[in-house]
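Chemist: Can you read through this structure? Questions will come right after.
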Ligand SMILES: [Zn+2]
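What follows is the structure, encoded as structure tokens:
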């Protein structure tokens, strides 16, 4: 499951993340954890935010992280938005690390609508969470300072593509120097990973965005028009 993320919401107003929309169905099939797992995640999330005696409270409730009203009131709403817990390695992750646990469903949640809150949660592994924290750092370039998601919006570059490049150690200026597709060096491991993701049913666009490849290039890899010798 490494590298996959499952997202409860749809696209969000703050411009955080393009999302992997596929994956829920397949992971439900393969893991099929019970509803009670998600219920426990929900309970612990509320406790971190609302219970001052909770060990984790200082990092959550204590610094203003809260659970939006729709989710707070109803574990069913939380489960319905987030889907099942994909695996024991996954925990609930706030996409914007300074944001709250918000459903972002403005038609159903007065709280999120009033605060114009985005869908800010996804299931992620510890590796992804560590990467997100890195990506939430502020970057100063061209005399301005913004977080990664804001840079991606200002520079009209896909957030996942930008995240991927920064995570591989490139500066912001380097990361935006090449358009998607031209930038990535390819190797056998990447070819295998693209094909594996495709076989597992991950959406074409999310695979493409992950590596910043063009549609043609991605299709050629998957259909073995190129790199046919890689097995
Ligand atoms: Zn909400």
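Numbering (this note's numbering), first residue to last: 136 to 366.
Every residue, glycine too, gets a C-beta built ideally from N, C-alpha and C.
Kindly give me the distance between the Cβ atoms of residue 187 and residue 196, rounded to whole angstroms, as I take these residues to be in contact under 8 Å.
Modeler: Numbered from 1 along the chain shown, position 52 holds the residue referred to as residue 187. Numbered from 1 along the chain shown, position 61 holds the residue referred to as residue 196. Confirmed, about 7 Å.
Chemist: State yes or no: is the C-beta of residue 227 within less than 8 Å of the C-beta of residue 206?
Modeler: The count along the chain shown starts at 1 and reaches residue 227 at position 92. The count along the chain shown starts at 1 and reaches residue 206 at position 71. No. Outside cutoff.
Chemist: Name, in chain order, the residues that DSSP records as bridge partners for residue 282.
Modeler: Translated into the one-based positions of the chain shown, residue 282 becomes position 147. The partner list for residue 282 (beta bridge, DSSP) reads 273.
Chemist: Is the beta carbon of residue 173 closer than 8 Å to that of residue 219?
Modeler: For this step, residue 219 is matched to residue 84 along the chain shown. For this step, residue 173 is matched to residue 38 along the chain shown. In contact: residue 219 and residue 173 (Cβ atoms closer than 8 Å).
Chemist: Label residue 157 either buried or exposed according to how many other C-beta atoms from any shown protein chain fall within 10 Å of its C-beta, with 16 as the threshold for buried.
Modeler: Reading the chain shown from its first residue, position 22 is the one you call residue 157. Low local confidence applies: a pLDDT of 34 at residue 157 is under 50, so the model's placement there is unreliable, with the coordinate-based value given in what follows. It counts as buried.
Chemist: Could you compute how far the alpha carbon of residue 171 sits from the alpha carbon of residue 210?
Modeler: Locating residue 171 in the chain shown gives position 36, where the first residue counts as 1. Locating residue 210 in the chain shown gives position 75, where the first residue counts as 1. Each residue's alpha carbon lies about 10 Å from the other.
Chemist: Assign residue 244 to one of three DSSP states: helix, strand, or coil.
Modeler: By one-based count along the chain shown, residue 244 stands at place 109. The answer is coil: DSSP assigns residue 244 none of H, G, I, E or B.
Chemist: Could you please give the first and the last residue of the uninterrupted alpha helix (DSSP H) stretch that includes residue 212?
Modeler: The residue labelled residue 212 in the question sits at position 77 within the chain shown. Unbroken alpha helix (DSSP H) run through residue 212: 210-217.
Chemist: Which residues in the same chain as residue 191 place their Cβ atom closer than 7 Å to its Cβ, once the five residues preceding and following it in sequence are excluded?
Modeler: As a first step, residue 191 must be located in the chain shown, where it is residue number 56. The residues are 183.
Chemist: Could you tell me which residues DSSP puts in a beta bridge with residue 227?
Modeler: In the chain shown, counting from the first residue as 1, residue 227 sits at position 92. According to DSSP, residue 227 bridges with 258.
Chemist: Quick one: what's residue 202 bridged to in DSSP?
Modeler: Counting from 1 along the chain shown, the entry for residue 202 is found at position 67. In the DSSP output, where bridge partners are listed per residue, residue 202 has 236.
Chemist: Output the boundary residues of the alpha helix (DSSP H) element that contains residue 252.
Modeler: Within the chain shown, numbered from 1, the residue matching residue 252 stands at position 117. No alpha helix (DSSP H) holds residue 252; DSSP gives it neither H nor E.
Chemist: For residue 339, name the three-state secondary structure that DSSP assigns.
Modeler: Position 204 of the chain shown, counting from 1, holds the residue named residue 339. If DSSP states are grouped into helix, strand and coil, residue 339 belongs with the helices.
Chemist: Rounded to whole angstroms, how far is the Cβ of residue 212 from the Cβ of residue 247, which I believe are closer than 8 Å?
Modeler: Indexing the chain shown from 1 puts residue 212 at position 77. Indexing the chain shown from 1 puts residue 247 at position 112. Residue 212 to residue 247, Cβ: 11 Å. No contact.
Chemist: Using the beta-carbon count (16 or more within 10 Å), is residue 240 buried or exposed?
Modeler: Within the chain shown, numbered from 1, the residue matching residue 240 stands at position 105. It counts as buried.
Chemist: Within the continuous alpha helix (DSSP H) that includes residue 197, where are the two ends?
Modeler: Looking up residue 197 in the chain shown gives position 62. First-last for residue 197: undefined, no H or E at that position.
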